[in-house]
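Some notes on the structure that comes next.
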Amino acid sequence: MKLITAIIKPFKLDEVYAALTAAGIQGMTVTEARGFGRQKGHTELYRGAEYQVSFLPKLQIQIAVSDEQLELTIECVCQAARTGKIGDGKIFVTPLEHTVRIRTGEAGESAL
C-alpha cells in the first residue's frame, strides 16, 4: 500500500476529483495549504500598494491506494492538475505500513 500526497493549485481540485472518480479510485482527503517552491511567491497590488505574497494558496490531497493502483492514480493526478505553468505542484509517494477501518476493524488493503 502507498500514501500519495499531491500538492496542487486550488482551482484544479474538481478536475482531479473527476479524473480519480472516473478511474475508480475511491477516497481522498483534501487540506488547504500554503507554500512556495521555485516560483518564490509573487507581488500583488491592493488599493494602490504593492506587497509581496510569499506563501501561495495550495491544496494538499492524500490518497491511500494499493500497489496496483499507484501508477494509475499518479497519472490521473498529473494529467488533471497540469497547467504547464510554474507552480503546478508535486506528488510524493510514501509506503503505507498499516491501515485500519475504524467502523469495522478491517485491516490492510481491505480497509482502503
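Per this note's numbering, the sequence shown runs over residues 447 to 558.
Idealized CB from N, CA, C, for every residue including glycine.
Look at the region 477-536 and you find these whole runs of beta strand (DSSP E), each 3 residues long or longer: 488-492, 495-499 and 502-511. Annotation for Thr467: the continuous alpha helix (DSSP H) segment containing it runs Leu459 to Ala468. By the neighbour-count criterion, in which 16 or more other beta carbons inside 10 Å mark a residue as buried, Lys458 falls on the buried side.
In terms of Cα proximity to Ile453, the closest of Val539, Glu552 and Ala557 is Val539. Selection Thr519, Ala527, Ser556 and Arg547 evaluated against Lys504 yields Ala527 as nearest (Cα-Cα).
Residues Ala553 and Gly554 of the same chain have their beta carbon placed closer than 8 Å to that of His544, with the five preceding and five following residues left out of the count. DSSP links Lys448 through a beta bridge to Val511 and Pro541. Take the alpha-carbon of Ile450 and the one of Leu518: they are about 12 Å apart. Within the same chain, and ignoring the five residues on either side of Leu558 in sequence, the residues whose Cβ sits closer than 8 Å to its Cβ are Met447, Gln472, Gly473, Ala510, Val511, Ser512 and Thr545.
Partner residues in the beta bridge of Ala553, as assigned by DSSP, are Val546.
As the crow flies, the alpha-carbon of Thr477 is around 30 Å from that of Arg493.
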